[in-house]
Amino acid sequence: MDYHSEFRRSIDKPEAFWREQAGKIDWIQQPETIWQATDNGHGHWFPDGTLNTSDIALDANVRAGLGDQKALIYDSPVTGAKRSYTYSELTDEVARFAGALKAQGINKGDRVIIYMPMIPEAVIAMLGCARIGAVHSVVFGGFAAHELAVRIEDAQPKAVITASCGIEVTKVIEYKPLVDKAIEQASHKPDFCVVYQRPQARAQMHDGRDHDWSDLMASAEPADPVPVKSTDPLYILYTSGTTGKPKGVVRDNGGHAVALKYSMKLVYDANPGDIFWAASDVGWVVGHSYIVYAPLFAGCTTVLYEGKPVRTPDAGAFWRVVQDHGVNLLFTAPTAFRAVRKEDPEADQLARYDISSLRRIFLAGERLDPPTYEWLREHTQLPVLDHWWQTETGWAICCNPVGIETMVTKPGSATVPSPGYNVQVVSPGGSQMPAGEQGQIAVKLPLPPGCLMTVWGDDQRFQDSYLKPIPGFYSSGDGGFIDEDGYVFVMGRTDDVINVAGHRLSTGEMEEVVASHPAVAECCVVGAHDEMKGQIPLGLVLIKNGATIDHDELEEELVEMVRDRIGAIACFRRALVVDRLPKTRSGKILRRVIRQIADGEEYAVPSTIDDPSILEEISEQFGRPLSKKH
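Residue numbers for the sequence shown follow UniProt numbering, so the first one is 1 and each next one is one higher.
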């Protein structure tokens, strides 16, 4: 079947289409009802089915005769460690850890926060929670204590699972003090913590609350998979919200398993036995979907990499991993290859390694810029495929559907909508835009399986954020256009969430931090274009009358505050002191215009602006030539 036939079938006969895909996973109780609509156009997939996600990822492959095949390869250039687990071995480890959690009182529906580096124990913890029906929430190990505390407060976990440390390129970061500080800050207190001790830094344990991972595992009885409803939550994953309070995206068990199994063939053309490497982190949605769950659903071998694209030890790191483990399919963010290209523009490192096992390179997480695309194509001579998706969707909204039909690539486009996603570009009122004209990218409801069910503990926020802006549609928050061939071009966010090296961060949250400085009267933070990271935050600050502080000193203090409250991942390094901020007469700060000036783009002077001369002052502050149009 060609792509267009499959796509039309998914839109015109969605229940028949997804019933067929549901038949490809091992259910405990096969669903009879495929789709159950709710009043808002959203709804539930496979509501009367029961299954266990850990069983589908692990036990099902053992039953299928893949027990001796490698399931997980761990490669850590920062420690020099390498090890692998067969499907049988990983199943045993997960069953024992699930048993350890059960013995400590964790049951179906309980929440567990996982705050760990890229080590096998992080994967085992996720799958162990899934095995007993507990809801995991992985928090990226680079986040500051405050950010962890916010998530503890929201998810109200019964347990926190962590490691004694994470390892960056040049330093060891102790995790346990951050966890202790977060628990101290949060009013909700977990019952206990599990700590995996690493030799690079030993954690200090609290009597009565903290348990050593190895001790629990030594006495644990293996746990069998617990049946859960298709609609029961599998995990909560927090994504930046425009209000500064993160949104807990809730993923179900059944729709998630069906969609991700389908996506492995559709998007990546992956088959059982393929070596699949998503060079991401389990703290992000890419790590959830394509390091942990989808490759195991598909019977692949997944690679877990504790390192960077460069400096661990050099710009040949990715090519070395491909060679050493025979990687067939590589998926990462454009930022990673921008860093590699900067360090090794002529791809001299690539020539040192045999990457003949590699069939395709996939990129997502931010817009794939044409220069990076062309550099990869030229030097690897491999297909380089862009695809677009979000934390909320869990898998690709748009892709080049190579598992069905390989389509012509257009640099700058994520190609075409994945089957199940009725993607349209609409005006603010919801009317469809003509081909080639920009508007808001939206998905006509219902969303396919695998997408978010709601926002944890706040269904009204789910409605307000995603369903109400454009009635009858899921609002992606991205703008762009669809060309005459049906190719989708995603041009950027339409709200104040910026994309820093593939990580979605809220400028509103950064503004809250900057505004809390005693010398700051008012501020705004915008995302400015950056060659390496896609976007970086740029702060504009007004100093309070009478405050006497050196501008460089203030900038240093603000950078440190953002680093402490949000983390180094925010890459907040510039805070310019200005006399005034450009605003509308109603007092709204013109963030889009500020961003356009920072990027040196042509911009329109809004008719609602209070004082147009402010834009000239801002332009001079940035050291940019004024490029305006009236």
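We treat Cβ as the ideally placed atom computed from N, Cα and C, and that holds for glycine. These numbers were taken from a predicted model, which means no experiment stands behind them.
* Asked: Grouping DSSP H, G and I as helix and E and B as strand, with all else coil, what is residue 711?
  -> Residue 711 is absent from the structure shown; the chain starts at 1 and stops at 630.
* **Distance, C165 Cα to K410 Cα** => The straight-line gap from Cα to Cα measures roughly 43 Å.
* Using three-state DSSP, classify Y175 as helix, strand or coil. => DSSP, read as helix, strand or coil, puts Y175 in coil.
* Asked: Does DSSP put I119 in a helix, in a strand, or in coil?
  -> Here I119 sits in coil by DSSP.
* To do: Mind reading off the beta-carbon distance from G67 to Y87? Whole number of angstroms is fine, and I expect it under 8 Å.
  => The C-beta distance from G67 to Y87 rounds to 5 Å, short enough to fall under 8 Å.
* To do: Mark E602 as exposed unless 16 or more other C-beta atoms lie within 10 angstroms of its C-beta, in which case mark it buried.
  => That one is exposed.
* To do: Quick one: which unbroken alpha helix (DSSP H) runs of 4-plus residues sit fully inside the stretch 319-396? Chain order, please.
  => Residue ranges of uninterrupted alpha helix (DSSP H) with 4 or more members, entirely inside the stretch 319-396 and ordered along the chain, are 334-343 and 370-380.
* Can you give me the Cβ contacts of L90 inside the same chain, cut-off strictly under 7 Å, excluding the 5 residues immediately before and after it? => Cβ neighbours of L90 beyond the five flanking positions: L58, A71 and L72.
* Could you spell out the range, first to last residue, of the alpha helix (DSSP H) harbouring F17? => Residue range P14 to A22 is occupied by the alpha helix (DSSP H) that includes F17.
* Asked: In terms of DSSP beta bridges, what is T454 paired with?
  -> According to DSSP, residue pairing for T454 in a beta bridge does not occur.
* Asked: Among all the DSSP beta bridges, which residues are the ones paired with Q424?
  -> DSSP output for Q424 lists A442 as bridge partner(s).
* Asked: Is Q69 near the ligand ATP, with its Cβ less than 8 Å from a heavy atom?
  -> This structure does not include the ligand ATP; it has no bound ligands of any sort.
* Run the CB neighbour count on S280, radius 10 Å, all protein chains shown included, and call it buried at 16 or more, exposed below. => The residue is buried, with at least 16 neighbouring Cβ atoms inside 10 Å.
* Please work out which residues of its chain come closer than 8 Å, Cβ to Cβ, to V578, disregarding the five sequence neighbours upstream and downstream, and give them in chain order. => The residues are L540, V541, L542, E617, I618 and Q621.
* To do: In angstroms with no decimal places, state the Cα-to-Cα distance between A98 and I132.
  => Their backbone Cα atoms lie some 6 Å apart in a straight line.
* To do: Give the secondary structure of F622 by DSSP, where H, G and I count as helix, E and B as strand, and everything else as coil.
  => Of the three classes helix, strand and coil, the one that applies to F622 here is helix, per DSSP.
* To do: Would you kindly check if the distance between the Cβ of V285 and the Cβ of V249 is under 9 Å?
  => Their beta carbons are under 9 Å apart, which means V249 touches V285 by this criterion.
* **Sequence-distant residues of the same chain with beta carbon closer than 8 Å to I25, five excluded per side** => The residues are L51, I56, A60, A257, V258, K261 and F297.
* Asked: Could you check where the alpha helix (DSSP H) with Y87 kicks off and where it finishes?
  -> From DSSP, the alpha helix (DSSP H) with Y87 extends over Y87 to A103.
* To do: Go ahead and pull the three-state DSSP assignment for F572.
  => The three-state reading of DSSP puts F572 in coil, since its state is none of H, G, I, E or B.
* Have a look at V194 and K176 and give me their C-alpha separation to the nearest angstrom. => If I take the Cα positions, the gap works out to 10 Å.
* **Neighbourhood of A122 by C-beta, 6 Å cutoff - its chain only, sequence neighbours within 5 removed** => The residues are M116 and V282.
* Tell me whether C129 sits in a helix, a strand or coil according to DSSP, three-state version. => DSSP places C129 in helix when its eight states are reduced to three.
* **Three or more C-beta pairs below 8 Å linking the stretch 492-509 and the stretch 412-425** => When Cβ pairs closer than 8 Å are counted between the two stretches, the stretch 492-509 is seen not to touch the stretch 412-425, the count staying below three.
* **Secondary structure of S219, DSSP reduced to three states** => The three-state secondary structure of S219, taken from DSSP, is helix.
* Asked: Between the C-alpha atoms of F572 and E511, what's the straight-line distance to the nearest angstrom?
  -> So the two alpha carbons sit approximately 11 Å from each other.
* The alpha helix (DSSP H) spanning F297 covers which residue range? -> First-last of the alpha helix (DSSP H) with F297: A294 to F297.
* Can you tell me where the beta strand (DSSP E) with H136 in it begins and where it stops? -> Its beta strand (DSSP E) spans residues V135 to V138.
* Asked: Can you tell me whether residue 631 is buried or exposed, with buried defined as 16 or more other CB within 10 angstroms of its CB?
  -> Beyond the ends of the chain as shown, which are 1 and 630, falls residue 631; an answer cannot be given.
* Neighbourhood of Y196 by C-beta distance below 6 Å, restricted to the same chain and skipping five residues each side -> Apart from the 5 residues on each side of it in sequence, Y196 sits with its Cβ closer than 6 Å to the Cβ of E121, A163 and W213 in its chain, given in chain order.
* Asked: Can you name, in chain order, every residue of its own chain whose Cβ lies under 7 Å from the Cβ of I291, other than the five neighbours on each side?
  -> Cβ neighbours of I291 within its own chain (closer than 7 Å, five residues either side excluded): A278, S280, V282, T302 and L304.
* Asked: Would you say L452 and E392 are within 9 Å of each other, going by their C-beta atoms?
  -> Their beta carbons are under 9 Å apart, which means L452 touches E392 by this criterion.
* Would you mind giving the Cβ-Cβ distance between V310 and A339, rounded to the nearest angstrom? I have them listed as a contact below 8 Å. => In this structure, V310 and A339 form a Cβ contact; the two beta carbons are roughly 5 Å apart against a cut-off of 8 Å.
* Own chain, CB closer than 6 Å to G255, minus 5 neighbours either side, in chain order -> Correct list, in chain order: W45, P449 and G450.
* Going by the CB atoms, is the gap between C399 and residue 657 shorter than 9 Å? -> Residue 657 falls outside the range modelled here, since the chain spans only 1 to 630, and no answer is possible.
* Asked: CA-CA distance, V112 and P14?
  -> Here the alpha carbons of P14 and V112 stand approximately 34 Å from one another.
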